[in-house]
Amino acid sequence: MELVCPAGNLPALKRAVDEGADAVYFGFQNTTNARQFAGLNFTDKRAREGIDYAHARGKRVFCAINTYPQPDGWAMWTRAVDQAADLGVDALIMADMGLLDYAAHHHPDLARHLSVQGSATSHEALRFYHDQFGIKRAVLPRVLSMTQVRDLAKKSPVELEVFAFGSLCIMAEGRCYLSSYLTGESPNTRGVCSPAAHVRWEETPKGLESRLNGVLIDRYGEGENAGYPTLCKGRFEVSGETYHAIEEPTSLNTLELLPELAELGIAAVKIEGRQRSPAYVSKVAGIWRQALDRLERAPGRFQPEPAWMTGLGEVSEGSTTTLGAYERRWK
Amino acid sequence: MSATPTLQLSLGPVLFYWTREHYADFYREAADWPVEIVHLGESVCSRRRDMKLDDWMGIGRELTQSGKQVVLSSQTLIESEADLRDLRKLCDNGEFLVEANDQSALQRLSAAGQPFVAGAALNLYNPATLAVLSRAGMQRWQAPVEMSRDDLARLLEDCREQGIEAPCEVFAYGHLPLAWSSRCFTARRYQKPKDRCQFVCQKHPEGLALRSQEDQQVFTLNGIQTLSGACQDLRHEVPDMAGMGVGIARLSPRPERMAEVVAAFDAARRGELPTPDPLSLVDVEICDGYWHGRPGMDHSRAASLG
């Protein structure tokens, strides 16, 4: 299984490669990718440097152009596709059907991967993207149980990449408009979710409050750990109960599922977190490299090392991890 | 002053889980409402099984006799082989047009050479995407809920230039469908696992309000679907919509006083909307931010009405 790691900048890319990533993925410095953060992502020059670094070490580089071209911005998205092709990336990660069509016609020999933002959760959906745009691989949304992944993998017309570790989207990716409902900006339109420009922190007599465009997302008492106010991870009131009504702040960690994923023929495992530090990327890539190597040597006897789980827990949201939808009872 | 309406009205599928009797009563009334198109079917959760495909087809035939165009809406989040079997039956119904709300449906319909309606969750943001779907058999399409008026105007103009003629539909009234998850948030509230949810969402014919700790209704929980907390109401934008070339305004069913909502939109498309119009016919918070290029929850008239 290929280990695919996030590169929010050049240092992160190099650390990922050094620690054992088989492939890294990056985006440009605009709204064409789903991690549009200030100071993050790549200029043409930095991308060239990163690609050279990875290729010199036999590693692959994917470019994420996985937001949806907006009515006034088509040229920016096609330019990103052309630019990535010129740079010599190994694959494009895309979601928009029009952009996939553009890439298939203008760069037929450049591999196209369906982004998780393309919301393909069945083999029929994968068949559509495959037949229409010749995708080679698809990243599955984090909504399927292991049984469902198994059923899908049997009939998939393309290679599959699944999320292995990182922040957990609880909604079917690509079809979540919650962020724009509160802030006007969403993953699809602007490559952001719960964007920092709309976040406000305030110490009040009731506790530390986090707001997103004025909407109270959470309030923390003495001694409680405050997390970033991602809108689906706040505490809200539903018919008299105040709780994490949608999801707790937690990260996905599928380390223990590795043997099963390998057995299903999953082609690649993906680490989330282009917005995270080079130190995060380095640590996570290193642990997953060890795990994948161990799996390859002795697939029948694979057990995650306690030290790996602890290490991953330390860099997780809320310092806790979950198997998410892979595990049926989570739903 | 009365004008022939250039804008059609449609009823979206009922997004909530109602009882059989409730659906039957609702559509019996709807048969007499001034809407041209009615979308039927369960588009949210496959566990909601009170209504079978045959039941929807029966209602569809009655509405057809009342002069409505009937469209069957497909499930938006497809997860299992069972979901795909149901989807196959829906697509192969042999009688009614199908609204594809997922690429699985797109695949079934386009491979079979059947024309289809493209739903909002397909993320149709640009002419290139619409061109792909036009070639695949798209008869009409719904704009993404988060698209602004100005973006849509530009998109419609580009479509005309590129010869994409399928009419466009706008989500004009109702709680906005904003997200789908494999987790059921209603079952979570009742501390029940999804597989043994006991269909608790049927107790909430208009969903469950999710409020901030300051009592602001932020979202509405509807099983695996999350809707907006406020109800979008674009009735005042209807003349503008018609002018810019929108073909259809979609009204999303609510359990109470839907006839009045339909009547208000019918008046609006005839240029007969009374002014000043009461802020809301139904006691609910209103929003229209998306249309105005702002956060969806915003309300353009809130300030002026104090």
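Protein sequences appear in the order of chains A and B. Position one of the first sequence corresponds to residue 178 (the numbering used here), numbered consecutively onward. Position one of the second sequence corresponds to residue 227 (the numbering used here), numbered consecutively onward. Note that CB positions come from ideal geometry on N, CA and C, so glycine has one too.
Review point. Could one say the Cβ of P341(B) lies closer than 8 Å to chain A's Cβ atoms, at least one of them?
Key: no
Review point. If you draw a straight line from the alpha carbon of T208(A) to that of R478(A), how long is it in whole angstroms?
Key: 44 Å
Exercise for review: Measure the C-alpha to C-alpha separation of D328(B) and Y416(B) and round it to an integer number of angstroms.
Suggested key: 29 Å
Check your understanding: Start and end of the alpha helix (DSSP H) containing C385(B)?
Key -> R375 to E387
Exercise for review: Please work out which residues of its chain come closer than 8 Å, Cβ to Cβ, to L434(A), disregarding the five sequence neighbours upstream and downstream, and give them in chain order.
Suggested key: Closer than 8 Å at the Cβ level, and outside the excluded window around L434(A), lie M323, L500 and Y503.
Review point. So which residues on chain A does Y399(B) lean against when the C-beta distance must stay under 8 Å?
Key: Simply none; closest approach about 16 Å.
Practice item. Tell me, please, which residues DSSP counts as bridged to Y405(A). Key: Answer by DSSP bridge pairing: none, since Y405(A) is not bridged.
Review point. Does the beta-carbon distance from I394(A) to S407(B) come in below 8 Å?
Key: No. Outside cutoff.
Check your understanding: What's the gap between the Cα of L389(A) and the Cα of Q388(B)?
Key -> 40 Å
Check your understanding: Which parts of the region 324–384 of chain B are runs of the alpha helix (DSSP H), unbroken and 4 residues or longer, counting only runs that do not cross its ends?
Key -> 329–337 and 353–362
Check your understanding: In chain B, which residues lie less than 7 Å from E301(A) when you measure between Cβ atoms?
Key -> L310, S330, Q333 and R334
**Study point:** Distance cut-off 7 Å: T431(A) Cβ against heavy atoms of the ligand GTP
**Key:** Ligands displayed in this structure: none; no statement on the ligand GTP is therefore possible.
**Study point:** Same chain, Cβ closer than 7 Å to S530(B), neighbours up to 5 away in sequence not counted
**Key:** Any reading at S530(B) needs caution, since the residue's pLDDT is 43, under 50, leaving its predicted position unreliable; the model's value is listed next. So the list is empty, once near-sequence residues are dropped.
Check your understanding: Could one say the Cβ of C353(A) lies closer than 8 Å to chain B's Cβ atoms, at least one of them?
Key -> At a cut-off of 8 Å, the C-beta of C353(A) has a neighbouring C-beta in chain B.
**Study point:** Alpha-carbon to alpha-carbon, M523(B) and I285(B)
**Key:** 34 Å
Check your understanding: Within 8 Å (strictly less), CB to CB, does I304(B) reach chain A?
Key -> yes
Practice item. With distances taken Cα to Cα, identify the nearest neighbour of V444(B) among D459(B), R476(B) and L404(B). Key: Measuring from the Cα of V444(B), the nearest candidate turns out to be L404(B).
Check your understanding: What is the DSSP secondary structure of Q325(A), reduced to helix, strand or coil?
Key -> Of the three classes helix, strand and coil, the one that applies to Q325(A) here is helix, per DSSP.
Review point. How about W406(B): is its C-beta nearer than 8 Å to some C-beta of chain A?
Key: yes
Check your understanding: With 8 Å set as the bound, which would you pick, yes or no: does the beta-carbon of K508(A) sit closer than that to a beta-carbon of chain B?
Key -> yes
Check your understanding: Mind listing which residues of the region 356–381 of chain A have their C-beta closer than 8 Å to chain B's C-betas, in chain order?
Key -> S357, Y358, L359, T360, G361, S363, N365 and T366
Practice item. Assign A233(A) to one of two classes, buried (16 or more other C-beta atoms within 10 Å of its C-beta) or exposed (fewer than that). Key: exposed
**Study point:** Residues bridged to C182(A) [DSSP beta-bridge criterion]
**Key:** Beta-bridge pairing links C182(A) to V201(A).
Check your understanding: Which whole-angstrom value is the C-beta distance of S377(B) and D459(B), which I expect to be below 8 Å?
Key -> The question names Ser, but residue 377(B) in the sequence shown is Asp. Incorrect: roughly 20 Å between the Cβ atoms, too far for contact.
Practice item. Say whether chain A places a C-beta atom closer than 8 Å to the C-beta of G522(B). Key: yes
Review point. Which runs of the beta strand (DSSP E) fall wholly inside the region 222–294 of chain A and span at least 3 residues, in chain order?
Key: As summarised for the region 222–294 of chain A, the continuous beta strand (DSSP E) elements at least 3 residues long and confined to that stretch are 237–242, 268–271 and 288–291, given in chain order.
Practice item. Starting from the N-terminal side, write out each stretch of the alpha helix (DSSP H) that is 4 residues or longer and does not extend beyond the region 362–439 of chain A. Key: 364–367
Review point. Of all Cβ atoms in chain A, is any one closer than 8 Å to the Cβ of K294(B)?
Key: By this cut-off, K294(B) is not an interface position.
Exercise for review: Would you mind reading off the limits of the alpha helix (DSSP H) that contains P393(B)?
Suggested key: Looking at the DSSP string, P393(B) is not in any alpha helix (DSSP H), and its letter there is neither H nor E.
Review point. Interface residues of chain B around E414(A) at Cβ under 9 Å?
Key: Simply A435, L436, R437, S438, Q439 and D441.
Exercise for review: With a cut-off of 8 Å on the beta carbons, I'd call A398(B) and Q368(B) a contact; round off their distance for me.
Suggested key: Contact doesn't hold; Cβ gap of about 11 Å is too wide.
Review point. Who are the Cβ neighbours of C409(A) in its own chain at under 6 Å, not counting the five residues just before and after it?
Key: I347, I423 and E424
Practice item. Tell whether a beta-carbon distance below 8 Å holds between E494(A) and G404(A). Key: yes
Check your understanding: Using the rule of at least 16 other Cβ atoms within 10 Å of the residue's Cβ for burial, across every protein chain shown, is W282(B) buried or exposed?
Key -> buried
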